[in-house]
Amino acid sequence: MAITSDGVLEMTNSGNGAVTPHLPTEVLTHIMSYLFCADRSAAGQVCSHWREASLDMRFVNEQVVSLTRGSAADNLHVLMNILRHSTRPFYNFIFKDLELRKMEWFWEKFGPDMRSLILVNCDLGEKMLVAILKSCDNLRTLHINACRECLMSGRLLDDENDVKVLSEKLLNLKELSLASNRYLSDALFNRLVNICPNLISLSLSGCQISFHSGLYKKFYPSNSTVSHVSESVLTFCNILIFLNRQAKHLKYLSFSSTLIDGTALVTLCTIKDLKLESLKLQCCDQLTNVGIRSLTEHQTYLKVLDVSFCTRVTDASLVCICKNLVNLEALNIRRCRAVTDHGVKQIRRLKHLKELDISECEQLTSECITDGLCAAEGEDNEGNENNENLVDFNHLVPKTHVAKSVPSEQRRINNNLEKLYANALNLDEKSILSIATSCPKLILLDIGYCFNAITDSSIQMIFKELVLLRSLTLSRCDKVSDLGLTGMGAGNRENLEKTWTQSYIEVPEPQLRIRLGSRVEEEIWRDAKRKREVKKMCEDLSMLFDNDVCSGFSLARLKGLKELDLAGCNKITDVSLKYAFNFPELRLLDLSLCQQITHEGLDFLTRNNQALEELHLSQCHNVTDMGIAYIARRLHRLKSLYLQGCSQLTDHSLDSIKIHCTALQFLDVKACRGMSIAGIESLIHLNIDYSRESEDLMQCKKPPPAPPMRR
Numbered sequence: 056m057a058i059t060s061d062g063v064l065e066m067t068n069s070g071n072g073a074v075t076p077h078l079p080t081e082v083l084t085h086i087m088s089y090l091f092c093a094d095r096s097a098a099g100q101v102c103s104h105w106r107e108a109s110l111d112m113r114f115v116n117e118q119v120v121s122l123t124r125g126s127a128a129d130n131l132h133v134l135m136n137i138l139r140h141s142t143r144p145f146y147n148f149i150f151k152d153l154e155l156r157k158m159e160w161f162w163e164k165f166g167p168d169m170r171s172l173i174l175v176n177c178d179l180g181e182k183m184l185v186a187i188l189k190s191c192d193n194l195r196t197l198h199i200n201a202c203r204e205c206l207m208s209g210r211l212l213d214d215e216n217d218v219k220v221l222s223e224k225l226l227n228l229k230e231l232s233l234a235s236n237r238y239l240s241d242a243l244f245n246r247l248v249n250i251c252p253n254l255i256s257l258s259l260s261g262c263q264i265s266f267h268s269g270l271y272k273k274f275y276p277s278n279s280t281v282s283h284v285s286e287s288v289l290t291f292c293n294i295l296i297f298l299n300r301q302a303k304h305l306k307y308l309s310f311s312s313t314l315i316d317g318t319a320l321v322t323l324c325t326i327k328d329l330k331l332e333s334l335k336l337q338c339c340d341q342l343t344n345v346g347i348r349s350l351t352e353h354q355t356y357l358k359v360l361d362v363s364f365c366t367r368v369t370d371a372s373l374v375c376i377c378k379n380l381v382n383l384e385a386l387n388i389r390r391c392r393a394v395t396d397h398g399v400k401q402i403r404r405l406k407h408l409k410e411l412d413i414s415e416c417e418q419l420t421s422e423c424i425t426d427g428l429c430a431a432e433g434e435d436n437e438g439n440e441n442n443e444n445l446v447d448f449n450h451l452v453p454k455t456h457v458a459k460s461v462p463s464e465q466r467r468i469n470n471n472l473e474k475l476y477a478n479a480l481n482l483d484e485k486s487i488l489s490i491a492t493s494c495p496k497l498i499l500l501d502i503g504y505c506f507n508a509i510t511d512s513s514i515q516m517i518f519k520e521l522v523l524l525r526s527l528t529l530s531r532c533d534k535v536s537d538l539g540l541t542g543m544g545a546g547n548r549e550n551l552e553k554t555w556t557q558s559y560i561e562v563p564e565p566q567l568r569i570r571l572g573s574r575v576e577e578e579i580w581r582d583a584k585r586k587r588e589v590k591k592m593c594e595d596l597s598m599l600f601d602n603d604v605c606s607g608f609s610l611a612r613l614k615g616l617k618e619l620d621l622a623g624c625n626k627i628t629d630v631s632l633k634y635a636f637n638f639p640e641l642r643l644l645d646l647s648l649c650q651q652i653t654h655e656g657l658d659f660l661t662r663n664n665q666a667l668e669e670l671h672l673s674q675c676h677n678v679t680d681m682g683i684a685y686i687a688r689r690l691h692r693l694k695s696l697y698l699q700g701c702s703q704l705t706d707h708s709l710d711s712i713k714i715h716c717t718a719l720q721f722l723d724v725k726a727c728r729g730m731s732i733a734g735i736e737s738l739i740h741l742n743i744d745y746s747r748e749s750e751d752l753m754q755c756k757k758p759p760p761a762p763p764m765r766r
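Dropping the structure here:
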């Protein structure tokens with residue numbers, strides 16, 4: 056099982072006379088480091104040697120055991136029995152919406168080696184929490200979020216001996232989150248941070264913190280420090296005492312969803328020796344430009360800043376951020392409604408930026424992209440025609456199709472930006488082409504709800520240039536059709552267009568004609584005709600030419616795609632699923648509201664994308680039992696399946712799922728009227744959502760607001 060001193064690969068006898076070579080464990084481990092978690096787990100089932108390699112410490116440290124009410128409430132004892140007899144190590148645990156009682160053996164077995172413990176809305180008393188923490192000797196991350204039972208009485212850690220013991224056991228604890236705890240007080244806060252002497256990360260997001268000095272004076276009449284802290288209120292002044300004491304070590308802070316204002320932020324960022332690397336202020340409506348300006352002047356080491364959903368953040372704030380925070384790597388200004396193109400144009404100053412979220416900013420237009428993020432250095436909106444770093448998009452986008460590629464020396468290349476969220480913006484095709492040609496290293500792109508920008512022409516440039524994409528979101532971009540996804544609309548097929556032109560020219564209809572059908576019927580007829588034409592074009596190409604050479608820039612060029620969201624792109628048909636979907640690493644696919652998809656397309660989809668773990672087909676009314684049978688038989692790694700509103704499905708689909716979907720954990724069959732309650736409840740091993748109430752259909756995630764109409 057190893058390489059000898061002579062460099063010879065060791066051979067072993069398999070028992071039947073055959074000699075089998077074995078790679079060293081170190082080599083196998085290195086190979087598996089390139090695999091996704093599910094692939095690595097599957098590889099570990101090949102033999103004991105591969106299993107040993109798959110359980111290397113670097114892989115085990117990344118794995119998390121998650122137990123939630125939806126997945127574990129009914130069979131928690133079964134899962135616990137499996138863990139009780141398991142011989143492999145587990146270091147990271149998440150408990151959500153569970154009652155943690157009678158689990159002493161669990162903490163005795165896993166507590167000493169546990170690295171991360173996340174408790175979300177769990178029912179446990181203060182004594183049990185103390186007992187749990189005492190069993191954890193190597194804990195590095197602790198989240199106690201929305202756990203009201205252990206805080207409500209106010210007696211947590213009221214024994215000084217417990218505080219002393221835990222402060223010695225939790226020396227390795229670096230990250231503490233107390234988010235969404237309404238019963239957290241100054242006394243409880245002080246006790247909890249006192250048992251964590253080496254904290255570098257603290258989250259108080261969603262806590263009811265009092266920032267007003269008048270309220271502090273009410274509970275602390277004298278301005279001097281008092282020995283008895285309040286058990287009724289959590290004040291910012293008390294938190295500041297801890298921040299001043301821990302300033303040299305703290306690097307990550309979160310005050311999201313609190314009432315922190317400009318004055319409090321000024322006080323926070325001017326703490327002596329405080330050098331933050333990450334600050335999250337999401338949904339802080341009281342923030343002002345004064346606070347942001349002071350933050351940028353004093354915390355110049357920031358790498359991550361989140362001010363999303365802060366309505367008072369304006370261009371002035373953004374200018375200060377881009378001017379002073381030169382080390383910033385991630386910036387989130389989602390739904391900062393006061394931000395305009397002028398402010399976003401300054402973001403190009405951030406040379407180290409890797410992640411940017413400008414989604415749902417209502418006043419942004421295409422200029423923030425073409426003249427800002429992707430503009431040449433020093434451009435001032437005047438249009439420098441002679442600048443060699445600029446792309447002349449007026450020549451790049453002809454009226455009929457996407458032009459040929461632009462020489463790289465004419466582009467301004469941003470090789471740092473890896474993730475861009477530009478959801479629900481009032482963009483146009485020109486801005487999409489600018490992103491594609493200027494940001495070649497993007498691995499995540501979210502341009503959903505950009506109705507005018509995403510067309511069959513503009514996505515061609517995405518498929519051509521952004522071949523490193525791992526996640527692509529085009530949700531509700533209803534102008535996308537099979538032409539764009541398959542590449543049939545690309546501009547590199549001039550030599551073929553002449554051959555096909557005569558076959559596909561539409562004869563103009565006579566002007567004097569009485570329409571007997573409605574507009575909807577006409578659109579259905581037009582979609583069917585378009586589907587036939589695109590299918591014929593794809594078939595001709597597959598028979599006569601090399602698909603990669605002649606089929607334009609297909610979605611299939613994005614070989615490494617792991618997540619794809621095409622929800623609401625209702626012009627997509629089975630043709631795209633057949634000719635454009637072939638991704639060996641695709642884990643998540645959302646085709647909700649793609650109502651022209653049938654079992655024929657699902658046949659090809661399941662043949663060519665067998666790594667799928669999450670599939671959304673909600674409101675796909677043409678999906679039948681046969682399509683679900685294809686899914687159940689071929690997608691062996693499927694964990695979540697969403698079939699809400701698929702009205703043609705019956706209990707036959709449930710039978711297929713019951714027999715073949717051994718890895719499935721969640722099934723959504725709301726509003727599937729052809730299914731019986733008895734059939735649904737027979738899937739006792741699944742977490743199933745099958746409520747048929749019409750109001751349940753409205754409980755889905757609300758879409759972002761539509762961008763404003765162009766002026």
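In the working numbering, the protein residues as written are 56 to 766.
Just so you know, even glycine gets a beta-carbon here, dropped at the ideal spot from N, CA and C.
Given the structure is predicted, the values throughout are model-derived calculations rather than measurements.
Item: Give the range of the beta strand (DSSP E) segment to which H671 is assigned.; Value: E669 to H671
Item: Give the secondary structure of L540 by DSSP, where H, G and I count as helix, E and B as strand, and everything else as coil.; Value: helix
Item: Is the distance from the Cβ of C292 to the Cβ of T313 below 8 angstroms?; Value: no
Item: Can F364 and Q337 be called in contact, C-beta distance under 8 angstroms?; Value: yes
Item: In its own chain, which residues sit with a C-beta less than 8 angstroms from the C-beta of A93, not counting the 5 before and 5 after it?; Value: R642, A666, E668 and R692
Item: Which residues in the same chain have their Cβ closer than 6 angstroms to the Cβ of N444, if we skip the five residues on either side of it in sequence?; Value: Unreliable positioning characterises N444 in this predicted model, as indicated by a pLDDT of 39, which lies under 50. The coordinate reading is nonetheless provided below. For N444, where only same-chain residues beyond five positions count, the Cβ hits under 6 angstroms are A431 and R467.
Item: Are there any heavy atoms of the ligand FAD lying less than 7 angstroms away from the beta-carbon of D214, as far as the coordinates show?; Value: By its list of ligands, the structure shown contains no ligand whatsoever, and the ligand FAD lies outside what it can speak to.
Item: Entirely within the region 673 to 710 and at least 3 residues each: give me those beta strand (DSSP E) ranges in chain order.; Value: 695 to 697
Item: Throw me the rounded Cβ distance for the L619 and L644 pair, which I believe falls under 8 angstroms.; Value: 5 angstroms
Item: With I199 as the anchor, note down where its beta strand (DSSP E) starts and where it stops.; Value: T196 to N200
Item: Could you pull out every unbroken alpha helix (DSSP H) segment of at least 4 residues lying fully inside the region 261 to 341, listed in chain order?; Value: 268 to 274, 291 to 300 and 317 to 324
Item: To which residues does DSSP link T123 through a beta bridge?; Value: K151
Item: At 3 residues or longer, what runs of the beta strand (DSSP E) sit wholly inside the region 216 to 255?; Value: 230 to 232
Item: Check whether the region 155 to 163 and the region 180 to 191 are in contact - that is, three or more C-beta pairs closer than 8 angstroms.; Value: yes
Item: Drop a sphere of 10 angstroms on the beta-carbon of L221, count the other beta-carbons inside from all chains shown, and report buried for 16 or more, exposed for fewer.; Value: buried
Item: Ignore the nearest five residues each way along the sequence and tell me which others in Y238's own chain have a CB closer than 7 angstroms to its CB.; Value: R203, L206 and M207
Item: Tell me whether the beta-carbon of N536 lies closer than 8 angstroms to the beta-carbon of A477.; Value: Here residue 536 turns out to be Ser, not Asn, going by the sequence shown. Cβ atoms of S536 and A477: not closer than 8 angstroms.
Item: Can you list, in chain order, the residues of its chain with a C-beta nearer than 8 angstroms to that of L704? Leave out the 5 residues immediately preceding and following it.; Value: V678, T679, D680, I683, L698, V724, C727, G729 and M730
Item: Taking only three categories from DSSP, how would you classify E618?; Value: strand
Item: Let me make sure I understand the geometry here. Which of C649, K626, H654 and L540 has the alpha-carbon closest to that of N637?; Value: L540
Item: Return yes when the Cβ of L648 is within less than 8 angstroms of the Cβ of G615, no when it is not.; Value: no
Item: Thinking C-beta only, is V399 closer than 8 angstroms to L373?; Value: yes
Item: Taking just the CA atoms, how far does Y356 sit from H407?; Value: 12 angstroms
Item: Between S702, K485, F518 and D511, which has its C-alpha nearest L500's C-alpha?; Value: F518
Item: Taking 8 angstroms as the threshold (C-beta atoms), are S240 and S309 in contact?; Value: no
Item: Contact defined as beta carbons within less than 8 angstroms: I believe H654 pairs with Y634. What is the distance between those atoms, to the nearest angstrom?; Value: Not really, about 17 angstroms apart at Cβ, beyond 8 angstroms.
Item: Spatial neighbours of Y307 within its chain, please: CB distance less than 6 angstroms, with the 5 preceding and 5 following residues excluded, ordered by chain position.; Value: S256 and S333
Item: Do you know offhand how far R694's Cα is from S287's?; Value: Contrary to the premise, residue 694 reads as Lys rather than Arg in this sequence. Rounded to whole angstroms, K694 to S287 spans 45 angstroms at the Cα level.
Item: Taking the runs of the alpha helix (DSSP H) that are 4 residues or longer, which of them lie wholly in the region 464 to 510?; Value: 484 to 493
Item: Indicate whether R343 and D316 have their beta-carbon atoms separated by less than 8 angstroms.; Value: The displayed chain sequence assigns Thr, not Arg, to residue 343. Yes, the Cβ-Cβ distance between T343 and D316 is below 8 angstroms.
Item: I think C391 touches I347, with their Cβ atoms under 8 angstroms apart; what is that distance to the nearest whole Å?; Value: With 8 angstroms as the limit, C391 and I347 do not qualify as a contact, their Cβ atoms being about 11 angstroms apart.
Item: Is L172 helix, strand or coil by DSSP?; Value: strand
Item: Just to confirm the assignment, what range does the alpha helix (DSSP H) spanning D94 have?; Value: C92 to A98
Item: Mark S121 as exposed unless 16 or more other C-beta atoms lie within 10 angstroms of its C-beta, in which case mark it buried.; Value: exposed
Item: Mind checking M112: buried by the 16 CB within 10 Å criterion, or exposed?; Value: exposed
Item: Does Q100 pass the burial test, meaning 16 or more other C-beta atoms within 10 Å, or should it be called exposed?; Value: exposed
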